[in-house]
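Number of protein chains: 2
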Amino acid sequence: LDYQHVQVPFEITLWIMLASLAKIGFHLYNKLPSVVPESCLLIFVGLIMGGIIYVLNDKSPPVMNSDIFFLYLLPPIVLDAGYFMPSRPFFENIGTILLYAVVGTIWNVFGIGFSLYGICQVKAFHLQDVSLLHNLLFGSLIAAVDPVAVLAVFEEIHVNEKLHILVFGESLLNDAVTVVLYKLFRSFCEMPTIKTTDIFAGVGKFFVVGLGGVLVGLTFGMTAAFTTRFTKDIRVIEPLFVFLYSYLSYLTADMFHLSGIVPIIACAMGMKRYVEANISLKSHTTVKYFMKMWSSVSDTLIFIFLGVSTIGENHEWNWPYICFTVIFCLVWRALGVLVLTFFVNRFHVNTVTGKDQFIIAYGGLRGAICFSLVFLLPDFHRKKLFIAATTVVILFTVFIQGMTIRPLVDLLAVKRQRESAPTVGEQIHIRFLDHLLAGIEDICGHWGQYYWKDKLEYFNSKYLQKILLREYDQPKSSIVLLYEKLERKHAIELAEAGQLGHAPSHPSLLNDNKTVIMDKKVEDALNPDVLENIHEILARNLYRIRRTGPAYNRHTLPGDTEPVEHAKEILILRHRSL
Amino acid sequence: LDYQHVQVPFEITLWIMLASLAKIGFHLYNKLPSVVPESCLLIFVGLIMGGIIYVLNDKSPPVMNSDIFFLYLLPPIVLDAGYFMPSRPFFENIGTILLYAVVGTIWNVFGIGFSLYGICQVKAFHLQDVSLLHNLLFGSLIAAVDPVAVLAVFEEIHVNEKLHILVFGESLLNDAVTVVLYKLFRSFCEMPTIKTTDIFAGVGKFFVVGLGGVLVGLTFGMTAAFTTRFTKDIRVIEPLFVFLYSYLSYLTADMFHLSGIVPIIACAMGMKRYVEANISLKSHTTVKYFMKMWSSVSDTLIFIFLGVSTIGENHEWNWPYICFTVIFCLVWRALGVLVLTFFVNRFHVNTVTGKDQFIIAYGGLRGAICFSLVFLLPDFHRKKLFIAATTVVILFTVFIQGMTIRPLVDLLAVKRQRESAPTVGEQIHIRFLDHLLAGIEDICGHWGQYYWKDKLEYFNSKYLQKILLREYDQPKSSIVLLYEKLERKHAIELAEAGQLGHAPSHPSLLNDNKTVIMDKKVEDALNPDVLENIHEILARNLYRIRRTGPAYNRHTLPGDTEPVEHAKEILILRHRSL
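Residue numbers (this note's numbering), protein chains in the order written: chain A, 1 to 578; chain B, 579 to 1156.
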């Protein structure tokens, strides 16, 4: 038996296997996941595993290695988050998100830090040896909302898009602020004296980390898009580039002490559009599926490790400090959200309601990032107290808040996610309004979001697409023309079903050679995935518009009519047109 | 800058990136890959990279680590090979393959070993210090045909199925023999005296390694199939199990000093059928695609590393030894193939032709497995000579034989792979003959392959399927009935194209509730992928049978008629039937 030789891959595989089997186990009983969030169950499994290891080995189980967490477990989750980020709501609320992420996090850090310092001055608590700087350092790591925990809980409760993007966007972007403050305070702790210039350098670092991260991410994203221009002959390695470039952006940023999360999000959001147009449909399915799979496994492993690491002897218990930490985390976050939302609402027509504010404050879950950061702290005599306090805050937020947030959302009747996709009518109107608003902003001389969006879109179609896309010359045909072509394509597909790949053109179009060639060109230029999507949207909506147009009735909704009726009529119409 | 921190993942990512970009680069010029096999190009890139590293650092570039090769690079390739192994030709020729793999490899090992020992006795060559045991050890590592190299070359030349499976199957299965002989001679080298019992123990080990490997693989494969029974609610982690279990089988075998290749192949071949039936279509695409991607990257990395590792100062040059190694490798393989095929052909009706024998002998490429094994040798004074000889043999076989095999195949007019899939008629006849032969064998009392296949199939449908498949109760309907149902399903799909997911049943069938329910059951029970496949085959073939039946003409082949004509007629027929 030669275990030493295969130990590393064997144990990694076994951990992943445990995580996957745990996931299957939970889903065998359908009722369990609907009551308790998966993250709680996984932490619970971890606690049991940790307990077993502790009892068997008679020593503390291995703690989640911070390097493993930051280098291998976190990137897949962030990549998944960035790649599937709904870009429109994100950019529409970018101001609010940044306000929460930057000002809100700073507010929390200093609020928690100073008030814990106040607690430390109470002689009865025996905490006078914890300095202000150490409290601020602790505040900087405990203040940040954790994207992994937020995602795990919010994915299951389906709140409306805006609320979701506010909490989730904040949890992603506050990483840049946390990294700066954490590193700043840590270096301050090791300095003998702190000069004013150091503080100004710290403030300057915010911009470097934020903008530098975005720049690194976009650079890698554009390179990835450019690379996929040339993969036409070897489709099989296409999915790889999505993973390689985004991981490289993360590592590069990490190397330069930037936040790793911001670049990977910028990279994923930047490349998505171009990569999707360049790669094949199967590659695209693989990318999507593998990303989801990978992030799901990472997520599971993180929560299990969190549970395992909780068991052990590296905790120092101090009731007042730990209790007040939990209370201050809750209070300062609530206050921060209230104050910031007050300012946000003054500048927006579409305000953040009171219920939303409550969910934003209540959804501020802490997770594995805090946990990894607290273990990365330099050794000093109160480190074990900080570890204990962090563990309690994480368990409190994940278990108590995570388990009660769903009933609360139900109770408050918070606006939910809309189930149906937007109709073509809506899409046309949204686009029309975008152009209109861009025009108005241009005339007013107001450089608002629509103005910039319009400029960006122009830049994109004028330069970026030509460089990054393999086939960018889509003729701009009207929607109805496209619909006709798609219908014809569908009929051809039907005919080809028996002779797939042998009959490239529709028999009835054979005489009209020019049309066929044009059709072929249009169809070739469009990505089959996009084509299918358009087809579906058009078929569903054009039909509906025609139906609801003449017989419009205030009391029936477009979706009310019997779907079988629709299907029957479409079938008849289609056969007639053939 | 903190490079140390991210070094490991950063460098791994960069190597993978280099490999992928090299692959893209070759395919930009379409002519290059059609003349030179990719493996040669990649070794060439590796040589350049190694040269650059050598010049810049002024020392030998890092050699491919044998642990990395065996633990991380080899498994994906073998998994891919096993998963996509065509099982029918493999099992039909299993006797011949085993003969080549076991007897052929032993023949080569002892042939090369003894004749090199003979060369060492020539005083003029200054090689008297190389003992017989060392020569046999060297023979054991140089004799084995490498699956990675064989796959890389044979994938591009498309020889007929039987020839391909003979060479490729041998290259996979001889690993078990190589492992046993290599470890045996290595331990003999370190022993002071060798007893007769040691030799018998060595012979016994063959069976342990071979049968043990198959057992380990099948155990993990069945467990994987059983696990995927329960993944219905979390489709997203399904692909993981295919990778996890097969990797575990590899590692477990490695841990027990068995050959790693045999178990992973047994695992992949065993689980494929059940896993595919259990997992969703998208999971299946992801598994297939990711496996191909992964093995393609591993393959690329192996050849690049092979090139990089060639450069350096760990070679000892001795013209006679190296030249005779190359010659003996060629000669003994050719002789072995001739002798073994002579015996094989005496027992088979479907003989291995002279041309095939030449390609089998000529296709015995050596690759990275030899290379990794030679570096794993215990240190002794002639190790550098062995490294040099191995490198030369690998480069000779990959470059000279790899590049000339395609023109030779063309020149000899070796029978190529058939391009079209077998028709339904052929499939029905093959299955009929299988049953007939099984019956004949049963009556004769001859326990041949058909007898065993029939027994296995019975055992499978009676026990295994019930345990391993989620839904195994497919009603056995006749082909025509199925065809009708599929036609109806297609019409429903057509109708649903506008209302996908809203209209679950066909309008015209709504009155006939019982039929609809039966239809639904049949359709649910069938995997959509299988369904599509059947649909395509049936539509293509039933049509063709009907056409060629009454108007059969000796001078026209079934496929000759204009495909557009077919398509038109199918379209008309289908609409009439609706």
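No residue lacks a Cβ here, since even glycine has one placed at the ideal position from N, Cα and C.
Per DSSP, K1033 of chain B is one residue of the alpha helix (DSSP H) stretching across 1027–1037. Distances from the CA of N671 of chain B to each of B:F746, B:M595, B:F1010, B:A991 were compared; the closest alpha carbon is that of B:F746. Take P654 of chain B, set aside five residues on each side of it, and the residues of its chain with a beta-carbon closer than 6 Å to its own are W872, S873, S876, in chain order. In this structure, DSSP gives R851 of chain B a helical state, which the three-state scheme calls helix. The beta carbon of L99 of chain A lies closer than 6 Å to those of L340 in the same chain, with the five residues before and after it left out. D254 of chain A is positioned such that its CB atom lies no closer than 9 Å to that of L73 of chain A. From the beta-carbon of K183 of chain A, no residue of chain B is found nearer than 7 Å; the closest lies around 11 Å away. A389 of chain A counts as buried, since at least 16 other C-beta atoms from the protein chains shown sit within 10 angstroms of its C-beta. Residue pairing for R416 of chain A: DSSP places it in a beta bridge opposite A:V159. CA-to-CA, the gap between G364 of chain A and V145 of chain A works out to about 5 Å. With respect to I947 of chain B, D753 of chain B sits close: the two C-beta atoms are nearer than 9 Å. The segment 955–967 of chain B and the segment 709–716 of chain B touch, with three or more beta-carbon pairs separated by less than 8 Å. The segment 116–127 of chain A makes no contact with the segment 147–155 of chain A: fewer than 3 CB pairs, one atom from each, lie closer than 8 Å.
Counting only runs of 4 or more residues that sit fully inside the segment 91–150 of chain A, the alpha helix (DSSP H) segments are 94–98, 105–120, 132–142, in chain order. Residues of chain A whose Cβ lies closer than 9 Å to the Cβ of F921 of chain B do not exist; the shortest such Cβ separation is about 38 Å.
If you ignore the 5 residues before and after F784 of chain B, its C-beta comes within less than 8 Å of the C-beta of V680, A754, V755, V758, all in its own chain and listed in chain order. The segment 77–97 of chain A and the segment 322–329 of chain A do not touch, with fewer than 3 CB-CB distances between them shorter than 8 Å. Taking a cut-off of 8 Å on C-beta distances, the segment 794–801 of chain B touches the segment 834–850 of chain B, as three or more cross pairs fall below it. Non-local beta-carbon contacts of V971 of chain B in its own chain, meaning distances under 8 Å to residues more than five positions away in sequence, involve I720, T903, V904, C907, R944, C948 in chain order. Fewer than three Cβ pairs drawn from the segment 20–35 of chain A and the segment 276–286 of chain A lie within less than 8 Å of each other, which leaves the two stretches out of contact. With contact defined as three or more Cβ pairs closer than 8 Å, the segment 815–826 of chain B and the segment 798–807 of chain B are in contact. Under the Cβ criterion (8 Å, minimum of three pairs), the segment 919–939 of chain B does not count as touching the segment 683–699 of chain B. For M271 of chain A, no CB of chain B lies under 9 Å from its own CB, so it is not counted at the interface with that chain. In this structure I157 of chain A is not in contact with V398 of chain A, their Cβ atoms being roughly 14 Å apart against a cut-off of 8 Å. Counted as a single uninterrupted DSSP element, the stretch harbouring E471 of chain A is not any alpha helix (DSSP H), since DSSP gives it neither H nor E. The beta-carbon of V820 of chain B is placed no less than 9 Å from the nearest beta-carbon of chain A. In this structure T806 of chain B touches F819 of chain B by the C-beta definition: roughly 6 Å separates them, less than 8 Å. In the three-state DSSP reduction, P378 of chain A falls in the coil class, being neither helix nor strand. For a Cβ distance threshold of 7 Å, residue set I602, L606 of chain B lies close to F230 of chain A, ordered along the chain. Nearest neighbour of D80 of chain A by Cα position, chosen from A:I261, A:H5, A:K195, turns out to be A:I261. Every alpha helix (DSSP H) stretch that sits fully inside the segment 598–661 of chain B and reaches 4 residues is listed by chain position as 609–613, 616–635, 652–661.
The criterion of a C-beta distance shorter than 9 Å is satisfied by I112 of chain A and W332 of chain A. With respect to V236 of chain A, K850 of chain B sits apart: the two C-beta atoms are not nearer than 9 Å. Judged by DSSP secondary structure, D198 of chain A falls within the alpha helix (DSSP H) whose first and last residues are 196–227. Of B:E733, B:V915, B:I965, the smallest CA-CA separation from S887 of chain B is found for B:I965. With respect to the 9 Å criterion, I311 of chain A and G51 of chain A are classified as neighbours on the basis of their beta carbons.
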